[in-house]
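Student: Below are the structure tokens for one structure; questions will follow.
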Amino acid sequence: MVTQMLKKNTVVLNQLAQGRSALVGFSRFLNNERITTDALIESAVQRCSQLVEGRHVLVINDTTDFNFRDHSNYLDADDEHLGPMSNEGDMGFYLHPGLVIDAQEGINLGLSYIKIWNREQSDIRGRGNKSYVHLPLEKKETYRWLECGMESKKSLQKAQHITIIADRESDIYQEFTLGDDKTDLIIRSSQNRSLENSSNKLYEVLSETECCGEYDLCIRENKKGKSKRKERDTIMEVRYRKVKICKPSTIKDLSLPNSIELYAVEAREKPSCVPAGEKAICWRLLTTYTVDQLSDASQIIQLYSKRWQIEMLFGTMKSKGLNFGASELESGCGLKRLCIIVLQVALKINQLSQGRGNEKEQSAQICFSQEQIPVLQALSNRYDGKTEKQKNPYQPSTLAWATWIIARMGGWKGYATESQPGNKTMRIGLMQFENVIIGWSLAKNLCA
Numbered sequence: 088m089v090t091q092m093l094k095k096n097t098v099v100l101n102q103l104a105q106g107r108s109a110l111v112g113f114s115r116f117l118n119n120e121r122i123t124t125d126a127l128i129e130s131a132v133q134r135c136s137q138l139v140e141g142r143h144v145l146v147i148n149d150t151t152d153f154n155f156r157d158h159s160n161y162l163d164a165d166d167e168h169l170g171p172m173s174n175e176g177d178m179g180f181y182l183h184p185g186l187v188i189d190a191q192e193g194i195n196l197g198l199s200y201i202k203i204w205n206r207e208q209s210d211i212r213g214r215g216n217k218s219y220v221h222l223p224l225e226k227k228e229t230y231r232w233l234e235c236g237m238e239s240k241k242s243l244q245k246a247q248h249i250t251i252i253a254d255r256e257s258d259i260y261q262e263f264t265l266g267d268d269k270t271d272l273i274i275r276s277s278q279n280r281s282l283e284n285s286s287n288k289l290y291e292v293l294s295e296t297e298c299c300g301e302y303d304l305c306i307r308e309n310k311k312g313k314s315k316r317k318e319r320d321t322i323m324e325v326r327y328r329k330v331k332i333c334k335p336s337t338i339k340d341l342s343l344p345n346s347i348e349l350y351a352v353e354a355r356e357k358p359s360c361v362p363a364g365e366k367a368i369c370w371r372l373l374t375t376y377t378v379d380q381l382s383d384a385s386q387i388i389q390l391y392s393k394r395w396q397i398e399m400l401f402g403t404m405k406s407k408g409l410n411f412g413a414s415e416l417e418s419g420c421g422l423k424r425l426c427i428i429v430l431q432v433a434l435k436i437n438q439l440s441q442g443r444g445n446e447k448e449q450s451a452q453i454c455f456s457q458e459q460i461p462v463l464q465a466l467s468n469r470y471d472g473k474t475e476k477q478k479n480p481y482q483p484s485t486l487a488w489a490t491w492i493i494a495r496m497g498g499w500k501g502y503a504t505e506s507q508p509g510n511k512t513m514r515i516g517l518m519q520f521e522n523v524i525i526g527w528s529l530a531k532n533l534c535a
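Residue numbering for the sequence shown follows this note's numbering, starting at 88 and increasing by one per position.
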């Protein structure tokens with residue numbers, strides 16, 4: 088199935104299957120009660136847990152949705168694995184992964200947490216109810232942010248240090264209690280929080296803090312949504328402050344501290360650089376890291392900026408890559424299982440794209456199993472050219488070395504002067520490699 092996904096760049100079973108029997112086989116696999124989403128998730132997380140030993144890793148977590156409204160003609164509206172989305176009449180489910188990244192090299196290592204769920208009609212009604220605010224956090228959908236941190240700490244025990252990074256929806260008081268000697272957090276602020284021993288709130292205190300430095304930033308054009316903006320080069324002003332955020336009055340849990348000491352870092356666009364009619368770009372970040380100087384604040388901003396990598400992962404799963412939303416499975420349960428598989432295929436494509444030209448000696452086992460490395464070694468001789476310019480320039484068994492081989496299998500010529508291979512080339516190369524793996528396994532079994 089994975090081979091066909093890569094070959095045809097689709098997850099639509101009618102397009103993946105070569106004939107009626109293959110289509111039935113794919114459907115039976117994805118709807119098999121013994122192939123549970125929990126088992127698929129456990130397998131994905133377990134692989135990553137072995138790759139983080141001794142590393143400082145970032146856990147970037149975020150939520151995306153898959154809407155199957157256009158497929159309502161063959162999906163059962165009463166399917167317990169599908170539920171209402173934000174817009175009336177839409178149906179689908181949500182995915183919240185924890186993407187693990189090497190903090191120094193920026194390479195995707197895998198997944199530390201995966202939650203996949205759908206809402207009930209009562210969930211939509213309940214979220215507008217005042218009593219919802221007073222529910223225990225464990226009963227709310229937002230608990231996934233806290234759960235991702237807790238479960239990631241368990242699955243990444245071999246890591247040297249963990250930094251949990253998330254966007255504004257993760258600005259939850261309980262989240263900041265996850266920090267310890269081995270775990271730090273960087274969360275984008277969404278609430279102008281009350282501060283201990285201060286009549287002013289967080290945002291006012293930050294705005295009154297003296298600017299400690301500036302940096303240049305290129306802002307991309309954004310034509311969508313409310314925050315429309317033009318492309319421009321601008322200057323960002325940096326401020327930081329030690330703060331103690333107060334426990335919200337809505338939280339009745341007496342085991343939680345009345346305040347938590349954090350550092351607040353603000354990166355705000357210089358007023359003179361903001362075009363007329365546009366809002367200034369502003370990031371306010373809350374972190375458990377100590378920020379004593381400009382270099383510390385800059386490091387926090389730099390780490391948070393790596394959050395775009397999870398957006399790239401979602402993009403590879405969706406219309407920019409494998410187009411999971413076009414899948415035509417007829418059960419929500421099967422769609423969820425397929426979603427976990429597509430997530431891992433998208434991850435591998437992105438890992439290879441990151442590995443191209445990377446001279447750091449990251450192991451190829453980040454992307455390939457120990458059993459697949461000898462196959463790559465056998466293929467290496469075949470794809471090496473006769474001249475030095477056409478030979479694989481990277482250290483054997485590194486990710487860059489493996490990426491060079493996969494790119495050559497995808498049609499890349501191998502010359503340094505040629506443009507770097509893209510996701511399409513990597514996808515085709517992976518497809519070819521998967522075919523080789525099948526033949527390799529068959530030959531081994533025949534010789535056994």
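Even for Gly, the Cβ is constructed at its ideal location relative to N, Cα and C.
Could you check if M518 is buried or exposed, using at least 16 other CB atoms within 10 Å of its CB as the buried criterion?
Tutor: Flag for M518 reads buried.
Student: Using the Cβ count rule (16 or more neighbours within 10 Å means buried), how would you classify Y161?
Tutor: The residue is exposed, with fewer than 16 neighbouring Cβ atoms inside 10 Å.
Student: Report back the beta-carbon spacing between Q327 and Y302 to the nearest angstrom; my notes put them in contact at under 8 Å.
Tutor: The amino acid at residue 327 is misidentified as Gln; the sequence shows Tyr. About 13 Å separates the two Cβ atoms, so there is no contact after all.
Student: Using the rule of at least 16 other Cβ atoms within 10 Å of the residue's Cβ for burial, across every protein chain shown, is I515 buried or exposed?
Tutor: Per the 10 Å Cβ criterion, buried.
Student: Where does A451 land, buried or exposed, given buried means 16+ other C-beta within 10 angstroms?
Tutor: Under this definition A451 is a buried residue.
Student: Between the C-alpha atoms of A489 and L289, what's the straight-line distance to the nearest angstrom?
Tutor: Each residue's Cα considered, the two are about 48 Å apart.
Student: Within the segment 252-297, note down every full beta strand (DSSP E) run reaching 3 residues or more, in order along the chain.
Tutor: For the segment 252-297, whole beta strand (DSSP E) runs of length 3 or above, ordered along the chain, are 270-275.
Student: Would you mind working out which of N284, A131, Y376 sits nearest D268, comparing C-alpha positions?
Tutor: Closest by alpha carbon: Y376.
Student: Using the Cα positions of E295 and D152, report the straight-line distance between them to the nearest angstrom.
Tutor: If I take the Cα positions, the gap works out to 39 Å.
Student: Can you name the start and end residues of the alpha helix (DSSP H) that G28 belongs to?
Tutor: Since the first residue shown for the chain is 88 and the last is 535, residue 28 is missing from the structure and cannot be characterised.
Student: With DSSP collapsed to three states, give me the class of C305.
Tutor: C305 falls in the strand class under three-state DSSP.
Student: Pull up the distance between the alpha-carbon of A164 and that of G412, whole angstroms please.
Tutor: So the two alpha carbons sit approximately 17 Å from each other.
Student: Apart from the five residues on each side of it in sequence, which residues of its chain come closer than 6 Å, Cβ to Cβ, to S276?
Tutor: Correct list, in chain order: D258, R371, L373.
Student: When the distance is taken between beta carbons, is Y181 closer than 8 Å to C235?
Tutor: No.
Student: Look at the alpha carbon of K240 and the alpha carbon of G498, and state the distance between them as a whole number of angstroms.
Tutor: Whole-angstrom Cα-Cα distance: 41 Å.
Student: Could you check the C-alpha separation between A387 and T250 for me, to the nearest Å?
Tutor: With the sequence shown as reference, residue 387 is identified as Ile, and Ala is not the correct amino acid for it. So the alpha carbons of these two residues sit roughly 10 Å apart.
Student: Leaving out the 5 sequence neighbours to the left and right, which residues in its chain are closer than 7 Å to G444 when beta-carbon positions are compared?
Tutor: These residues qualify, in order along the chain: A487, Q507.
Student: According to the neighbour-count rule (16 or more other Cβ atoms, all chains shown, within 10 Å of its Cβ), is I347 buried or exposed?
Tutor: Under this definition I347 is a buried residue.
Student: Using the Cα positions of A465 and G197, report the straight-line distance between them to the nearest angstrom.
Tutor: Each residue's Cα considered, the two are about 26 Å apart.
Student: Count the other C-beta atoms from every protein chain shown that fall within 10 angstroms of the C-beta of R75, then say buried if there are 16 or more, exposed otherwise.
Tutor: With the chain covering 88 to 535 only, the question about residue 75 has no answer from this structure.
Student: What's the C-alpha gap between L110 and S456?
Tutor: Confidence is the limiting factor: at L110 the pLDDT is only 39, short of 50, which leaves the residue's position unreliable, though a coordinate-based value still follows. Whole-angstrom Cα-Cα distance: 28 Å.
Student: Between the beta-carbon of I188 and the beta-carbon of I147, is there less than 8 Å?
Tutor: In contact: I188 and I147 (Cβ atoms closer than 8 Å).
Student: May I ask you to verify whether the segment 131-150 touches the segment 170-180, counting CB pairs closer than 8 Å and requiring at least 3?
Tutor: Cβ pair count under 8 Å is below three, so no.
Student: Consult DSSP for G300 and reduce its assignment to one of helix, strand or coil.
Tutor: G300 falls in the strand class under three-state DSSP.
Student: Just the Cα atoms here: how many angstroms apart are E129 and A367?
Tutor: Computed Cα separation, rounded: 43 Å.
Student: Note down the Cα distance separating R495 from M399, rounded to an integer number of angstroms.
Tutor: Distance between the alpha carbons of R495 and M399: 23 Å.
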